[in-house]
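Undergrad: The structure follows.
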Amino acid sequence: MSDESHPSGAGSSELSTHASLLKKAEELKEKGNALFRAKEYKKAITRYSKIRAYTWQPDGEAAQYAGNRSQSAQFTDEEKASLVRLDQTANGNIAQCYLSLGDHRKCREYCVKVIGKTDYKSHPNPDLLVKALARAGQAALQANDLDASKDWVLKALDLDAKCGLARTTYRQLQEKYKAHNAQQRKQMAAAFQAA
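And the structure:
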């Protein structure tokens, strides 16, 4: 089995250091980006998913049981921040691939992984948070879930009013609301005329 498909790299000295793990994850990200640009979204998803194998850090019970023997206990704070950023970038890129494939549910699922459970104001990577919120809004809009789209987009705009994706999605959302309201008025008028 190659090192690319097996992140533990058992028996491989190449992946024995934290720096080499980060480097390998960055290489996978670049390969995924190239595949995304070539519109090979499913292959890009595979590459981005492999990044997650290199960046996973135990938390909660897993960290508790591993104690000081866990790999994450041996990373510096700077390395941990790099791992978190790479993981969130991979999730965001996977979300974009699913959006490009038209799978809105999967797109939102991966956006939620970027958004996480932290308070928006204390998110470790606010730029990635805004992108994930805007992308989730875009996915909801394409799925005609106008209320969910509005919630996501307004959160993104609250954090960064200049976010181009959020602003574009908000304009599209307003147009869809106008069309929806016009259709509702037409249906109501027809219902009253029939009565």
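Sequential numbering of the sequence shown, starting at 1, is according to the UniProt record's numbering.
Glycine is no exception: its CB is placed at the ideal position from the N, C-alpha and C atoms.
Since the model is a prediction, treat every value here as computed from it, not as a measurement.
Give the C-beta separation of Gln138 and Thr169 to the nearest angstrom, bearing in mind that I take them to be a contact with Cβ-Cβ under 8 angstroms.
TA: Within the sequence shown, numbered from 1, the residue matching residue 138 stands at position 138. Within the sequence shown, numbered from 1, the residue matching residue 169 stands at position 169. Yes, they are in contact, since the Cβ atoms of Gln138 and Thr169 sit about 5 angstroms apart, within 8 angstroms.
Undergrad: In the DSSP assignment, find the alpha helix (DSSP H) that holds Asp158 and state where it starts and stops.
TA: Taking the sequence shown and counting its residues from 1, the one referred to as residue 158 is at position 158. Start and end: 146-159.
Undergrad: Using 9 angstroms as the threshold, is the C-beta distance between Leu133 and Ala166 below it?
TA: In the sequence shown, counting from the first residue as 1, residue 133 sits at position 133. In the sequence shown, counting from the first residue as 1, residue 166 sits at position 166. It is a contact, given that the beta carbons lie within the stated cut-off.
Undergrad: Return the residue from the list Cys111, His18, Ile45, Tyr177 that minimises the CA-CA distance to Trp56.
TA: Translated into positions along the sequence shown, residue 56 becomes position 56. Minimum Cα distance to Trp56 is reached at His18.
Undergrad: Excluding five sequence neighbours on each side, which residues of the same chain lie with their C-beta closer than 6 angstroms to the C-beta of Ala95?
TA: In the sequence shown, counting from the first residue as 1, residue 95 sits at position 95. Closer than 6 angstroms at Cβ, skipping near neighbours: Cys107, Tyr110, Cys111, Arg135.
Undergrad: Using three-state DSSP, classify Cys111 as helix, strand or coil.
TA: Working through the sequence shown from its first residue, we reach residue 111 at position 111. DSSP places Cys111 in helix when its eight states are reduced to three.
Undergrad: Pick helix, strand or coil for Asn125, following the three-state DSSP scheme.
TA: Counted from its first residue, the sequence shown places residue 125 at position 125. The answer is coil: DSSP assigns Asn125 none of H, G, I, E or B.
Undergrad: Output the distance between the C-alpha atoms of Ala189 and Ala143, rounded to the nearest integer angstrom.
TA: For this step, residue 189 is matched to residue 189 along the sequence shown. For this step, residue 143 is matched to residue 143 along the sequence shown. Ala189 and Ala143: Cα-Cα distance of roughly 27 angstroms.
Undergrad: Taking DSSP as the reference, what is the three-state secondary structure of Thr76?
TA: Along the sequence shown, one-based indexing puts residue 76 at 76. DSSP places Thr76 in coil when its eight states are reduced to three.
Undergrad: Does the stretch 20-31 come close enough to the stretch 44-55 to have 3 or more Cβ pairs within less than 8 angstroms?
TA: Yes, the stretch 20-31 touches the stretch 44-55.
Undergrad: Going straight from the alpha carbon of Leu21 to that of Asp103, what length do you get?
TA: On the sequence shown, position 21 is the one that residue 21 refers to. On the sequence shown, position 103 is the one that residue 103 refers to. C-alpha separation (whole angstroms): 31 angstroms.
Undergrad: Round the Cβ separation of Tyr120 and Leu128 to the nearest angstrom and send it over; I've been treating them as touching at under 8 angstroms.
TA: Against the sequence shown, residue 120 aligns to sequence position 120. Against the sequence shown, residue 128 aligns to sequence position 128. Actually they do not touch by this definition, with Cβ atoms about 12 angstroms apart.
Undergrad: Would you check if the distance between the CB atom of Ala161 and the CB atom of Ser149 is smaller than 9 angstroms?
TA: What you label residue 161 is simply residue 161 of the sequence shown in a count that begins at 1. What you label residue 149 is simply residue 149 of the sequence shown in a count that begins at 1. For Ala161 and Ser149, no; Cβs fall outside 9 angstroms.
Undergrad: Can you give me the C-alpha to C-alpha distance between Ala179 and Phe192, rounded to a whole angstrom?
TA: For the purposes of this step, residue 179 is identified with residue 179 of the sequence shown, where counting begins at 1. For the purposes of this step, residue 192 is identified with residue 192 of the sequence shown, where counting begins at 1. For Ala179 and Phe192, the distance between alpha carbons rounds to 20 angstroms.
Undergrad: Using 8 angstroms for Cβ pairs, my map puts Pro124 next to Val84. What's the rounded Cβ distance?
TA: Stepping through the sequence shown from its first residue, residue 124 is reached at position 124. Stepping through the sequence shown from its first residue, residue 84 is reached at position 84. Contact holds; Cβ gap of about 6 angstroms.
Undergrad: In chain order, what residues of the same chain lie with their CB nearer than 6 angstroms to the CB of Tyr41, ignoring the 5 residues before and after it?
TA: Against the sequence shown, residue 41 aligns to sequence position 41. Result list for Tyr41: Cys97, Ser100, Leu101, in chain order.
Undergrad: Might you give, ordered along the chain, the residues of its own chain that have their beta carbon closer than 6 angstroms to the beta carbon of Gln88, omitting 5 neighbours on each side?
TA: Translated into positions along the sequence shown, residue 88 becomes position 88. Closer than 6 angstroms at the Cβ level, and outside the excluded window around Gln88, lie Val114, Asn125, Leu128.
Undergrad: According to DSSP, is Glu40 part of a helix, a strand, or is it coil?
TA: In the sequence shown, the residue the question calls residue 40 occupies position 40. The answer is coil: DSSP assigns Glu40 none of H, G, I, E or B.
Undergrad: Alpha carbons only, please: which of Ala25, Arg37, Asp158 is nearest the one belonging to Glu79?
TA: Translated into positions along the sequence shown, residue 79 becomes position 79. Among Ala25, Arg37, Asp158, the Cα nearest to that of Glu79 is on Ala25.
Undergrad: Out of Glu175, Asn93, Asp145, Ala156, which has the shortest C-alpha to C-alpha gap to Asn33?
TA: As a position in the sequence shown, residue 33 is number 33, starting the count at 1. Checked all of Glu175, Asn93, Asp145, Ala156; the closest Cα to Asn33 is Asn93.
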